[in-house]
Every structure is written in structure tokens, then in C-alpha cells.
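Enquirer:
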Amino acid sequence: MEGAEPMSDSIESRLKEDRKFEPSAEFKKAALVSSPEAYEALYKRSLDEPEAFWKEETKDLAWRTPWKKFHEWELPHAKFFVGATLNVSESCLDRHLTTNARTTAALIFEGEPGDTRTLTYFELHREVVRLTAALADLGVKAGDRVAIYMGMVPEAAIAMLACARIGATHSVIFGGFSSDALRDRINDCQAKVLLTQDGAWRRGNVVPLKKMADVALEGTPTIEKVVVLKRIGRESAPCEMKEGRDVWYEDLLGRTPSAESLALAKKPPAFDAEHPLFILYTSGSTGKPKGVLHTSAGYLAGAHVTTRYVFDLRDGDLYWCTADVGWVTGHSYIVYGPLSNGATCLMYEGAPNFPDPGRFWQIIERHGVTVLYTAPTAIRAFIRWGDDWPAKSDLSSLRLLGSVGEPINPEAWTWYHKVIGKGRCPIVDTWWQTETGSIMLTTLPGACHSKPGSTGLPLFGVDIAVVKDDGAECKANEGGKLVIRKPWPSMTRTLWGDDERFKQAYWSQMPGVYFTGDGARRDEDGYFWVVGRIDDVLNVAGHRIGTAEIESALVSHPAVAEAAAVGKPDELKGQALVVFVTLKGGQEPTKELKAKLTEHVDKEIGKFARPESIRFTDALPKTRSGKIMRRLLKEIASGATETKGDTSTLEDLSVLAKLRADEE
Ligand code: PRX
Numbered sequence: 106m107e108g109a110e111p112m113s114d115s116i117e118s119r120l121k122e123d124r125k126f127e128p129s130a131e132f133k134k135a136a137l138v139s140s141p142e143a144y145e146a147l148y149k150r151s152l153d154e155p156e157a158f159w160k161e162e163t164k165d166l167a168w169r170t171p172w173k174k175f176h177e178w179e180l181p182h183a184k185f186f187v188g189a190t191l192n193v194s195e196s197c198l199d200r201h202l203t204t205n206a207r208t209t210a211a212l213i214f215e216g217e218p219g220d221t222r223t224l225t226y227f228e229l230h231r232e233v234v235r236l237t238a239a240l241a242d243l244g245v246k247a248g249d250r251v252a253i254y255m256g257m258v259p260e261a262a263i264a265m266l267a268c269a270r271i272g273a274t275h276s277v278i279f280g281g282f283s284s285d286a287l288r289d290r291i292n293d294c295q296a297k298v299l300l301t302q303d304g305a306w307r308r309g310n311v312v313p314l315k316k317m318a319d320v321a322l323e324g325t326p327t328i329e330k331v332v333v334l335k336r337i338g339r340e341s342a343p344c345e346m347k348e349g350r351d352v353w354y355e356d357l358l359g360r361t362p363s364a365e366s367l368a369l370a371k372k373p374p375a376f377d378a379e380h381p382l383f384i385l386y387t388s389g390s391t392g393k394p395k396g397v398l399h400t401s402a403g404y405l406a407g408a409h410v411t412t413r414y415v416f417d418l419r420d421g422d423l424y425w426c427t428a429d430v431g432w433v434t435g436h437s438y439i440v441y442g443p444l445s446n447g448a449t450c451l452m453y454e455g456a457p458n459f460p461d462p463g464r465f466w467q468i469i470e471r472h473g474v475t476v477l478y479t480a481p482t483a484i485r486a487f488i489r490w491g492d493d494w495p496a497k498s499d500l501s502s503l504r505l506l507g508s509v510g511e512p513i514n515p516e517a518w519t520w521y522h523k524v525i526g527k528g529r530c531p532i533v534d535t536w537w538q539t540e541t542g543s544i545m546l547t548t549l550p551g552a553c554h555s556k557p558g559s560t561g562l563p564l565f566g567v568d569i570a571v572v573k574d575d576g577a578e579c580k581a582n583e584g585g586k587l588v589i590r591k592p593w594p595s596m597t598r599t600l601w602g603d604d605e606r607f608k609q610a611y612w613s614q615m616p617g618v619y620f621t622g623d624g625a626r627r628d629e630d631g632y633f634w635v636v637g638r639i640d641d642v643l644n645v646a647g648h649r650i651g652t653a654e655i656e657s658a659l660v661s662h663p664a665v666a667e668a669a670a671v672g673k674p675d676e677l678k679g680q681a682l683v684v685f686v687t688l689k690g691g692q693e694p695t696k697e698l699k700a701k702l703t704e705h706v707d708k709e710i711g712k713f714a715r716p717e718s719i720r721f722t723d724a725l726p727k728t729r730s731g732k733i734m735r736r737l738l739k740e741i742a743s744g745a746t747e748t749k750g751d752t753s754t755l756e757d758l759s760v761l762a763k764l765r766a767d768e769e
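Taking our numbering, I'd label the letters of the sequence shown as residues 106 to 769.
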């Protein structure tokens, strides 16, 4: 490990020839952890004395009952903070009402049309209490599931916190999902109530969320009530309200709550540390999405501690995470992590290029954002839109930059560092997953140098390694599978309703070890370099998409016999989706059919999962046992003119030549 050497403070000297970036002396001076030795000591303590470490680091979380035992583990079931009780909403809100945070902003919202709204901790608490009482009056109880299909509006966070307050398990479904995808997720978790909105602003247009929800609601027998926020206004986003089922959010809050519900909302019950907090659906290697379940105390502890250390939270910070609340980054780093720390969080509703590609930079200047956490795919789009846009805004308030969701290519890293951070701001490249709940790998910004393209070092309590198939650790710079060798507090506890799949998907590749699905290497300094997924999951513009989900969407179309989805490298999106389709007898491979299949994917999953290209073929390359040889399809999709690997198991060699010849 480096860093103890004397430093001059010029940008050039900090970004050394060998591509290591040292934080400035000024940054280090104020940092929570300011040397590699301090990081190592904390990391070591988190592994050697986990009880003491977590006790110290979570002491401010408003526990109602302390834990009796730190940890219990019986593969694949983990418990953390055993015997403790707390209310997660109380840990995020009420505990700030007796400190200076009471009157500081918790959320600063900017809508796409330009409207803004600030909620102090006092106001956010009041809103959450009101909604909690209202939901309780609708019959929501601890243990019930509540679906949230909303855009990026404060009420999405309010809804999550109100569920947590009651002890109801929320499942946020990203607003980009189609009606069919929403229906399936609601049915899988058997949600009782749905919260949605008339519409969401996106690039000047209205995404008609309620209308889309109405289609889903035709097939969701468990939903009893639908609460609809009026974000757009009745005229431009007309909504049909079903008598007895649907209620406007504002009307619901206008009702006088029952004394019982109000009492519960004001002084919420404490729940067991392992009480389910939320279910978040994500893609895996089968057509059925996985309902990743997170519980209360362990999840909150992970989100809380990582937010504080990774973003090096300081008084006066305005922190902006650009992720959507519909994904795990929005859960952990817009809602639970920042609020449990009393931080001030910016929330922006719309597109980064509306009304022009300077929108993000104008937001930073307008509000004085100090910490920006975004995704490589966005950074690559900004590069494409040109340096003139950020140059128009004053970005001097920024002190720290973050990246998440996919590997950041060194070019994008360097641009982010120079053009946005003006060479002053450290970059934290954070590796984690929906299943891990919180950040697992990064470089603490004031402690360790970063290397463009590397996700850095393990965080607290994370015993992570790159291993070969037999479980033996790889040598420095040798590629292998990224695994986590010990349970950690914020890990998913199971897949909703499918314990067996949980065990199989994560804990069975190498017994007793969690397999991430990613390939990686670890360099001679111990820094991790994550290459990307090595399972059947793609990462398209930071969205996790299972190839099997796309395939099962396509084969559900009456014209399709068989489909194979693969990724190809894409400059902007990281990976682009290419599908190979064979048609049923009598079907013509026309342009019109391609358009219909695209529409079909929109309907089954959502527009964000649209294939970039659909290629019709008479046959797919298969092994003699009938398995599709995806490796070959990947090569063809990427435009390779020759096949690199072994084709000896291929049943019919002429299929390959034909596929190449058919290339678009
Ligand atoms: O492949 C890794 C990639 O995103 C996957 C997790 O996706 P998801 O559960 O949707 O969560 C995304 C936000 C945490 C990982 O298995 N990934 C995430 N962050 C990085 C990354 N790959 C490389 N570098 C990262 N910083």
C-alpha cells in the first residue's frame, strides 16, 4: 500500500504517471479516514472484532433494544444483531428531531419542469407520520407488502419510510417497468396496497404511471387499495379512479386519522432486527426475476456506515445521488444511508438532458452540490454531449465524485476527474449489488489513492476474494471469480418465496462462499478490478437485465420459436443487447415483425430492456445436447469474423457461416 510518501499538492503530482490518484492534502485534512494505515486499522478491526466495530459505528441508530449476539450463520441463513429491536423509520427521522438536523434540509427536490421543494427533517418526519397514519387506516399492518410504482418524487421516499414505520415490507418497482412486469412483481410479493402517481415527467413528456398501473391491476387480486399522487395535474395526465379502490394521495392525507393509527405513526413500534424491510426485484439467470429480501438492522447498519465513510460526510454537504429510487442505489444511497446519517440529499426527477445537456451542471451550481454519485453510462453520455455544457456552470462546490453500476473505463474516469472534478475531487468507484445491500469495494476518499478503472479495496466486514473454480485464491493479476467468504450485515437474507433458489444461486457454486456472478482480478496492491458479469446477466446502461428474461419475453410472442440474447460491447451503454430469433413455420422475417417484437419486449419488461438489434436466423448454434452456444453468438454479435474458441461440440458448423453472412 502506498500513500506515506511526501506529496506536493499539484494535480499532476497527484495523478501520477502510473495512474494512481492521491487525494489532496486539503481533502485529507478534513477526511474521516485520512491515511492508508487508518483505513487498514479500521478494516482489520471490522474483521477481528466485529462486535466492537459495529457497536461503535452504529451507536447512533436509535436502537430500542440492544443486541444479545452479533451474528448467527447457518448456511444460507444469516442473522445479525440478534435480539435487537429498532424502527428503521425512527432511526432515519425521529432521532434527528432533537438535534440541529431538525431544521436542516433532509431532501431538496428539483422537478424536471424546474419546480423545487425542500423538506427539513422536521417536515419529512411530519409527512411520513401523516402517510403512516393514513396507510394504517387503509388497513396496512406490519408484515404486509406494499408496492410502490413511482417516479423520482419526495413521496416515493416518504412512502418507503411510512412502510418501514408500520413494519410493512415495501417493494419499489422502477417506473420504467411495463404494466406486465409490474403485475408479475405485485403478484409475486402479494402486495395489498399500491402507491403510484398520475404521471412522471421524463424529457418533457408524461410517463402515465397510473394508466400503466391500471393495466397491471386487472390481474392483481391481492391489491385492495391504490393511492395516487397527483404529480402532473388532472388535465395533462387524466386518471380513471376506481370507486372504492383508488384514492388520491392528497385526499387520503386530508382525512382525519383514527386516534389509534395516529398514535402508532407518532410512536411507531419497534421491530426485530431481522424484520423484513423491503423486497427489490432484480434479474438473475432464469426468466423469473428474483425478489431480493433485505431485513432491518443489518441492512440499515451497512447503508449507514458506508454512506458516512465512502462519501466522507461533512457538515454542510449537499449530497446528490442520481440513481432512481426504483433500484438499490436509490434505496441505500438516497433514502436509508443518507437519512440515517442526517445528511442533506438532492433528488432530481427528470432526464439529464432536459431541456438541454447542461441540466446536471446547472443543478450542481444552483444548489451547491458537494458530492455527486452517478453512473459510468451517464458520464459517457456527458462526454458525447461535449465539454461546453459543464463549462457553462460553476462546479466549484463539488468536493467528491462517485461512480456505481458498472466498470468505469479509464477514459470516462479521467474525463470525470478533469472536466467535472477539475482535478480537485477524489473519485470513489463503488462496487456492490442489489444483494449486498451496501457498498463492498471502494477506496475511502481521504485515505487511499484510487486507480482509474479499479473499484479499490474492501470495506468494513467484507471478506472478498478472487478465486479459481476450485475455490483457491488467484495470484495477483490473475483473473477469476469474485466471491465473498463471510456473511456481512447488509446481505440479502433470501429470495422472496424461494429459499432454495437463494441457496442455489449464491451459495452453491463454491460451498459456503457467496458467488457474486462477477469476474475480477486483484492487483499487486490488493486493488480489485471488476470485469463484469460472467453469468447470464447483462449490464445495459447500468440496468441489470437477465438474458433469460429477454428470451422468455420473446418466445411468448406467437411468431417466435426460439430466442437467444447476448451482450455486445457498446461505447455508451457498456453493453448493448443483441437477440437472435428463429421464427415458427410460416412466419416471415420482416421489418414489421422486428418492430412488433420490439414492442413486445416493451410490453413484457419495459422500454429500457429493448434490444438494440434483433437478428432473424434459421437456426441457432447448438451443442449436440441441444444447448445454445452463447459464446459463439457473443462473438458474432460483436462482429468477430473468426471464431476464437472450440467449436468441436457444435452440432452444425454451417449455422455459424450463415449467421455471419446474415449480419446486419
Ligand atoms: O456486475 C456488477 C455491476 O453491477 C452488478 C450489480 O447490479 P445491481 O444489483 O443492479 O446493482 C447496481 C448498483 C449497485 C454487479 O454484479 N457493478 C456495480 N457496480 C460496479 C459494477 N461493476 C464494476 N464496477 C462497479 N463499480
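C-beta atoms are modelled at their ideal positions from N, C-alpha and C, and glycine is treated no differently.
Here the structure is a predicted model, which means the values were calculated and not measured.
Nearest-angstrom Cα distance between T387 and R290?
Expert: On the sequence shown, residue 387 is found 282 positions in, with the first residue counted as 1. On the sequence shown, residue 290 is found 185 positions in, with the first residue counted as 1. Roughly 10 Å separates the two Cα atoms.
Enquirer: Would you say L587 and V567 are within 8 Å of each other, going by their C-beta atoms?
Expert: Translated into the one-based positions of the sequence shown, residue 587 becomes position 482. Translated into the one-based positions of the sequence shown, residue 567 becomes position 462. No, the Cβ-Cβ distance between L587 and V567 is not below 8 Å.
Enquirer: Give the secondary structure of C450 by DSSP, where H, G and I count as helix, E and B as strand, and everything else as coil.
Expert: Here the question's residue 450 lines up with position 345 in the sequence shown. Three-state DSSP puts C450 in a strand.
Enquirer: Pull up the CB-CB distance for A408 and S437, whole angstroms please, since I reckon it's below 8 Å.
Expert: Numbered from 1 along the sequence shown, position 303 holds the residue referred to as residue 408. Numbered from 1 along the sequence shown, position 332 holds the residue referred to as residue 437. Rounded, the Cβ-Cβ distance is 4 Å, consistent with contact.
Enquirer: In three-state DSSP terms, what is S753?
Expert: The sequence position of residue 753 within the sequence shown is 648, counting from 1. Residue state, collapsed to three classes: coil.
Enquirer: For I710, which residues does DSSP report across the bridge?
Expert: Counting from one through the sequence shown, the residue named residue 710 turns up at place 605. In the DSSP output, where bridge partners are listed per residue, I710 has none listed.
Enquirer: Please give the ranges of any alpha helix (DSSP H) in the region 547-603, keeping only runs that are unbroken, at least 4 residues long and fully inside the region.
Expert: List check, alpha helix (DSSP H) in window: nothing returned.
Enquirer: Report the residue from P663, L643 and G281 whose alpha carbon sits nearest the alpha carbon of G813.
Expert: Outside the shown range of the chain (106 to 769) lies residue 813, about which nothing can therefore be said.
Enquirer: Is the separation between the beta-carbon of T722 and that of L764 shorter than 8 Å?
Expert: Translated into the one-based positions of the sequence shown, residue 722 becomes position 617. Translated into the one-based positions of the sequence shown, residue 764 becomes position 659. Yes.
Enquirer: How big is the Cα-Cα spacing for T770 and F214?
Expert: This structure cannot settle anything about residue 770, because the visible part of the chain is limited to 106 through 769.
Enquirer: For P512, verify whether its CB is less than 7 Å away from any heavy atom of the ligand PRX.
Expert: As a first step, residue 512 is located in the sequence shown; it is residue number 407 there, counting from the start. Under cutoff, so the answer is yes.
Enquirer: Need the endpoints of the alpha helix (DSSP H) that P443 sits in, please.
Expert: If you number the sequence shown from 1, residue 443 lands on position 338. G442 to S445 is the span of the alpha helix (DSSP H), which, as asked, contains P443.
Enquirer: What are the uninterrupted segments assigned as alpha helix (DSSP H) that are 4 or more residues long and contained completely in the region 260-309, given in chain order?
Expert: 284-294
Enquirer: Considering L240, what are the terminal residues of the alpha helix (DSSP H) in which it resides?
Expert: Your numbering for residue 240 matches position 135 in the sequence shown. Run containing L240: Y226 to D242, per the alpha helix (DSSP H) assignment.
Enquirer: Could you check what DSSP says for L202 in three-state terms: helix, strand or coil?
Expert: Counted from its first residue, the sequence shown places residue 202 at position 97. In the structure shown, L202 sits in coil (DSSP, three-state: anything other than H, G, I, E or B).
Enquirer: Give every residue of the same chain whose Cβ lies closer than 6 Å to the Cβ of T752, excluding the five residues on either side of it in the sequence, and list them in chain order.
Expert: By one-based count along the sequence shown, residue 752 stands at place 647. Answer for T752: no residue qualifies.
Enquirer: For G649, I'd like the list of residues in its chain whose CB is within less than 8 Å of its CB, leaving aside the five on either flank, ordered along the chain.
Expert: Residue 649 sits at position 544 when you count from the first residue of the sequence shown. The residue you asked about is not Gly; residue 649 is Arg in the sequence shown. If we look at R649 and ignore the five residues flanking it on each side, its Cβ neighbours are T387, S388, T539, V642 and L643.
Enquirer: Could you tell me which residues DSSP pairs with E177 in its beta bridges?
Expert: Working through the sequence shown from its first residue, we reach residue 177 at position 72. Note: E177 sits in a beta bridge opposite K184.
Enquirer: Quick one: what's got a C-beta closer than 8 Å to Q295's C-beta in the same chain, skipping five residues either side?
Expert: As a first step, residue 295 is located in the sequence shown; it is residue number 190 there, counting from the start. Within the same chain, Q295 has close Cβ partners R250 and T327.
Enquirer: I'd like the ranges of any beta strand (DSSP E) spanning at least 3 consecutive residues and lying wholly in the region 421-500.
Expert: 424-426, 450-453 and 476-479
Enquirer: To the nearest angstrom, report how far apart C426 and L382 are at their CA atoms.
Expert: Walking along the sequence shown from the start, residue 426 turns up at place 321. Walking along the sequence shown from the start, residue 382 turns up at place 277. Each residue's alpha carbon lies about 21 Å from the other.
Enquirer: In three-state DSSP terms, what is Q680?
Expert: On the sequence shown, position 575 is the one that residue 680 refers to. Three-state result, Q680: strand.
Enquirer: What did DSSP end up calling P515 once you bin it into helix, strand or coil?
Expert: Here residue 515 is taken as the residue at index 410 of the sequence shown, counted from 1. Residue state, collapsed to three classes: helix.
Enquirer: Round the Cβ separation of A93 and V138 to the nearest angstrom and send it over; I've been treating them as touching at under 8 Å.
Expert: Any property of residue 93 remains undetermined from this structure, which presents the chain solely from 106 to 769.
Enquirer: Note down the Cα distance separating P716 from S508, rounded to an integer number of angstroms.
Expert: For the purposes of this step, residue 716 is taken as the residue at position 611 of the sequence shown. For the purposes of this step, residue 508 is taken as the residue at position 403 of the sequence shown. Straight-line Cα distance between these residues: approximately 25 Å.
Enquirer: Using the Cα positions of L334 and L300, report the straight-line distance between them to the nearest angstrom.
Expert: Against the sequence shown, residue 334 aligns to sequence position 229. Against the sequence shown, residue 300 aligns to sequence position 195. Taking the straight line from one Cα to the other gives about 8 Å.
Enquirer: Using the Cβ count rule (16 or more neighbours within 10 Å means buried), how would you classify N582?
Expert: Your numbering for residue 582 matches position 477 in the sequence shown. The residue in question, N582, is exposed, as its Cβ has fewer than 16 Cβ neighbours within 10 Å.
Enquirer: DSSP three-state label for H380, please.
Expert: Position 275 of the sequence shown, counted from the first residue, corresponds to residue 380. Looking at H380 - three-state DSSP - the assignment turns out to be coil, as it is neither helix nor strand.
Enquirer: Could you tell me if Q302 is buried or exposed, where buried requires 16 or more neighbouring beta carbons within 10 angstroms of its beta carbon?
Expert: Translated into positions along the sequence shown, residue 302 becomes position 197. Q302 comes out buried.
Enquirer: Roughly how many angstroms lie between the CA atoms of R339 and G403, to the nearest whole one?
Expert: On the sequence shown, residue 339 is found 234 positions in, with the first residue counted as 1. On the sequence shown, residue 403 is found 298 positions in, with the first residue counted as 1. Distance between the alpha carbons of R339 and G403: 42 Å.
Enquirer: Would you say V706 touches the ligand PRX, meaning its beta carbon is less than 7 Å from a heavy atom?
Expert: In the sequence shown, the residue the question calls residue 706 occupies position 601. V706 Cβ: outside cutoff for every heavy atom of the ligand PRX.
Enquirer: Since S498 and G463 should fall inside the 8 Å C-beta cutoff, what is the C-beta to C-beta distance between them, to a whole number of angstroms?
Expert: Counted from its first residue, the sequence shown places residue 498 at position 393. Counted from its first residue, the sequence shown places residue 463 at position 358. Yes, they are in contact, since the Cβ atoms of S498 and G463 sit about 6 Å apart, within 8 Å.
Enquirer: Name the DSSP beta bridge partners of E49, please?
Expert: In the structure as shown, the chain begins at 106 and stops at 769. Residue 49 is therefore absent and cannot be evaluated.
Enquirer: If we require 4 or more residues per run, which alpha helix (DSSP H) segments fall completely within the region 694-744?
Expert: 696-709 and 735-742
Enquirer: Please report how far the alpha carbon of V665 lies from the alpha carbon of V683, in whole angstroms.
Expert: Here residue 665 corresponds to residue number 560 of the sequence shown, with the count starting at 1. Here residue 683 corresponds to residue number 578 of the sequence shown, with the count starting at 1. In a straight line, the C-alpha of V665 is about 16 Å away from that of V683.
Enquirer: Hey, could you find the ends of the beta strand (DSSP E) K330 is sitting in?
Expert: Numbered from 1 along the sequence shown, position 225 holds the residue referred to as residue 330. K330 to L334 is the extent of the beta strand (DSSP E) around K330.
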